[in-house]
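Read the structure below first, then the notes.
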Amino acid sequence: MCGIVGYVGEKDAAKVLLEGLTRLEYRGYDSAGIAVYHNSKINVVKAKGRLKTLSELIDGGEKLPGKMGIGHTRWATHGEPSDINSHPHLSNDGRLAVVHNGIIENYLKLKENLIDKGYKFVSETDTEVIAHLVDYYYKGDMLEAITKVIHRVEGSYALGIICEDYPDTFFAVRKDSPLIVGVGKGENFVASDIPAILPFTRDVYLLNDNEIVVCKKESVEIYDVDGERINKEIMHVEWDVSAAEKGGYEHFMIKEIMEQPKAILDTIRPRIRDGKIVLDDIKLTEEDIKNINKICIVACGSAYHVGVVGKYVIEKMTRIPVEVDIASEFRYRAPIVNDKTFVIIISQSGETADT
């Protein structure tokens, strides 16, 4: 998983972006970068390795002045971990900067077309295709350019875009990859996840697929894929930022292990009422449950190991056979499932592509 943070306001953008990206470290990454607009120019600094390396390069943000910018932590998919492959990526003339989470499935075809049109590529990433494609369609109207790009790309994406022609505005759009908008007073944000912006605001917009955000420090406008304005309700976040931090533990993994008893209790408690199990969100009748003759658990990484533990518990308690699959293998092994098979899909992030 990667992390995106965008900011426009009166604070030093680089410092806000670094703090936001730090709060997204739990998502995992192998490199990081920041682009900030200042004095009619987009300045980019990026580095392979930990956020600490990036922070040292810009002296905690002091060496990268500006009030608007985008930041990114990258988990390599296309191209090895390196400074060059790190985001943000620039257009050839440097007037556009793009960060991206997700995978562009048709990037090779798009890349060939762009090379034929004279565009030069310096990285191995699919994201650089987006930077050049936005540049190709941009004729002075960024919203129009983004809508055209959306119609060309295939795959999953959350994008953050800044342009030298828009010194007080950044743009963002998502499809099948999480992105939220934080609404502040005289400042606004985008981020891959809520913890990144909680120190600054608790008011957020939750974006749906193919919704485009135009953020200025005093306004947030949201448009659909056809460029039509959308009205959305602000959600106020009630939970505390400490729930998403290490809380004194050395690692997030240790924190999660120690919090398991409470997490299990918090998960189960709302589901038991008057001594009965209540699953309001799952539209299964009592007859459906009685007819289950097999359970499939599908997951990746550590979630897969949770599934293996679940297999032992479920089989012992229900005497129903349980199969556990790594998500990327499940669809390709032609699993034997029918209307009496109960499938449990586990994803820590909610964005595991191969599930």
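Take the sequence shown: its position 109, counting from 1, is numbered 143 in our numbering, and each next residue is one higher.
Quick reminder that beta carbons are idealized off the backbone N, C-alpha and C, glycines included.
*Using beta-carbon positions only, say whether E53 and L85 come within less than 8 Å of one another.*
Position 19 of the sequence shown, counted from the start, is the residue given in the question as residue 53. Position 51 of the sequence shown, counted from the start, is the residue given in the question as residue 85. One thing to note: E53 has its Cβ no nearer than 8 Å to the Cβ of L85.
*Indicate whether K324 and P355 have their beta-carbon atoms separated by less than 8 Å.*
On the sequence shown, position 290 is the one that residue 324 refers to. On the sequence shown, position 321 is the one that residue 355 refers to. Taking the C-beta atoms as reference points, P355 is found no nearer than 8 Å to K324.
*Apart from the five residues on each side of it in sequence, which residues of its chain come closer than 6 Å, Cβ to Cβ, to L148?*
Position 114 of the sequence shown, counting from 1, holds the residue named residue 148. Result list for L148: H166, in chain order.
*For T87, collect the residues of the same chain with a Cβ closer than 7 Å to its Cβ; drop the 5 residues on either side in sequence, then sort them by chain order.*
Indexing the sequence shown from 1 puts residue 87 at position 53. Excluding residues within five positions, the ones whose Cβ falls inside 7 Å are A81.
*asked:* Helix, strand or coil for R353? Go by DSSP, reduced to three states.
replied: In the sequence shown, the residue the question calls residue 353 occupies position 319. Annotated three-state conformation of R353 is coil, per DSSP.
_Chain-order list of residues whose beta-carbon lies under 8 Å from that of E188 (same chain, five-residue window excluded)_ = Locating residue 188 in the sequence shown gives position 154, counting from the first residue. Here the set comprises I138, E139 and N140.
_For D373, the nearest candidate out of T301, C330 and M351 (CA to CA)_ = As a first step, residue 373 is located in the sequence shown; it is residue number 339 there, counting from the start. The residue with the shortest Cα to Cα distance from D373 is C330.
*Tell me, please, which residues DSSP counts as bridged to I1.*
Because the chain is modelled from 35 through 389, residue 1 falls outside the range shown and cannot be assessed.
*By how many angstroms is the C-alpha of T161 removed from the C-alpha of A230?*
Along the sequence shown, read from residue 1 onward, the residue named residue 230 stands at position 196. Along the sequence shown, read from residue 1 onward, the residue named residue 161 stands at position 127. In a straight line, the C-alpha of A230 is about 22 Å away from that of T161.
*In three-state DSSP terms, what is F286?*
Locating residue 286 in the sequence shown gives position 252, counting from the first residue. Here F286 sits in helix by DSSP.
*Please confirm if the segment 171-182 is in contact with the segment 199-218, defined as three or more CB-CB distances below 8 Å between the two stretches.*
Three or more beta-carbon pairs separated by less than 8 Å link the segment 171-182 to the segment 199-218, which places the two stretches in contact.
_Heavy atom of the ligand COA within 7 Å of K296 beta-carbon_ = Among the components of this structure there are no ligands whatsoever, and the ligand COA is therefore not found.
*What three-state label does DSSP hand K86 in the structure shown?*
Counting from one through the sequence shown, the residue named residue 86 turns up at place 52. Residue state, collapsed to three classes: helix.
*Extent of the continuous alpha helix (DSSP H) run through E255*: Numbered from 1 along the sequence shown, position 221 holds the residue referred to as residue 255. Run containing E255: none in the alpha helix (DSSP H); it sits in the beta strand (DSSP E), S253 to Y257.
_Please report the distance separating the alpha-carbon of D308 from that of A297._
Taking the sequence shown and counting its residues from 1, one reaches residue 308 at position 274. Taking the sequence shown and counting its residues from 1, one reaches residue 297 at position 263. Their Cα atoms are separated by approximately 21 Å.
_Residues that DSSP places opposite F376 in a beta bridge_ = Here residue 376 refers to the residue found at position 342 when the sequence shown is read from its first residue. In DSSP, F376 forms a bridge with I329.
_Pair within 8 Å by beta-carbon distance, G152 and G43_ = Here residue 152 is taken as the residue at index 118 of the sequence shown, counted from 1. Here residue 43 is taken as the residue at index 9 of the sequence shown, counted from 1. No, the Cβ-Cβ distance between G152 and G43 is not below 8 Å.
*In the DSSP assignment, what are the bridge partners of A225?*
Against the sequence shown, residue 225 aligns to sequence position 191. Residue pairing by DSSP places A225 opposite V39 and I214 in a beta bridge.
*Kindly give me the distance between the Cβ atoms of I180 and N244, rounded to whole angstroms, as I take these residues to be in contact under 8 Å.*
On the sequence shown, residue 180 is found 146 positions in, with the first residue counted as 1. On the sequence shown, residue 244 is found 210 positions in, with the first residue counted as 1. I180 to N244, Cβ: 10 Å. No contact.
*How would you call M102, buried or exposed, if buried means at least 16 neighbouring beta carbons within 10 angstroms?*
Start at 1 with the first residue of the sequence shown, and residue 102 comes out as number 68. Per the 10 Å Cβ criterion, buried.
*Length of the line joining the Cα atoms of Y338 and K209*: Here the question's residue 338 lines up with position 304 in the sequence shown. Here the question's residue 209 lines up with position 175 in the sequence shown. Roughly 25 Å between the two C-alpha positions.
*Since A192 sits in a beta bridge, which residues does DSSP pair it with?*
Residue mapping note: residue 192 aligns to position 158 of the sequence shown, counting from 1. Paired residues: N135 and R208.
*Pick out whichever of F223, L232 and L241 has its Cα sitting closest to the Cα of S253.*
Here the question's residue 253 lines up with position 219 in the sequence shown. Ranking F223, L232 and L241 by Cα distance to S253 puts F223 first.
_When you compare the CB positions of P122 and D46, do they come within less than 8 Å of one another, or not?_
Position 88 of the sequence shown, counted from the first residue, corresponds to residue 122. Position 12 of the sequence shown, counted from the first residue, corresponds to residue 46. Judged by beta-carbon spacing, D46 lies beyond the 8 Å limit of P122, meaning their Cβ atoms are not closer than that value.
*Starting from the C-beta of F234, find all residues in its chain whose C-beta is less than 6 Å away, skip the five residues before and the five after it, and write them out in chain order.*
To locate residue 234, count along the sequence shown from 1; it is residue 200. Contacts found: G218.
*Alpha-carbon to alpha-carbon, I380 and A131*: Translated into positions along the sequence shown, residue 131 becomes position 97. Translated into positions along the sequence shown, residue 380 becomes position 346. Spanning the two alpha carbons is a distance of roughly 34 Å.
*Since M269 sits in a beta bridge, which residues does DSSP pair it with?*
Walking along the sequence shown from the start, residue 269 turns up at place 235. Per DSSP, V238.
*Those residues which DSSP pairs with D359 across a bridge*: Position 325 of the sequence shown holds residue 359. V332.
*Could you work out which residue in F376, I370, A361 and G335 is closest to K317 when comparing CA atoms only?*
Taking the first residue of the sequence shown as 1, we reach residue 317 at position 283. The candidate whose alpha carbon is nearest that of K317 is F376.
*Contained beta strand (DSSP E) runs [length at least 3] in the segment 146-173, N- to C-terminal order*: Taking only runs of at least 3 residues, no beta strand (DSSP E) segment lies wholly in the segment 146-173.
_Buried or exposed (CB count within 10 angstroms, at least 16 for buried), A69_ = What you label residue 69 is simply residue 35 of the sequence shown in a count that begins at 1. When all chains shown are included, A69 counts as buried.
*Label K310 either buried or exposed according to how many other C-beta atoms from any shown protein chain fall within 10 Å of its C-beta, with 16 as the threshold for buried.*
The residue given as residue 310 occupies position 276 in the sequence shown. K310 is exposed by the Cβ-count criterion.
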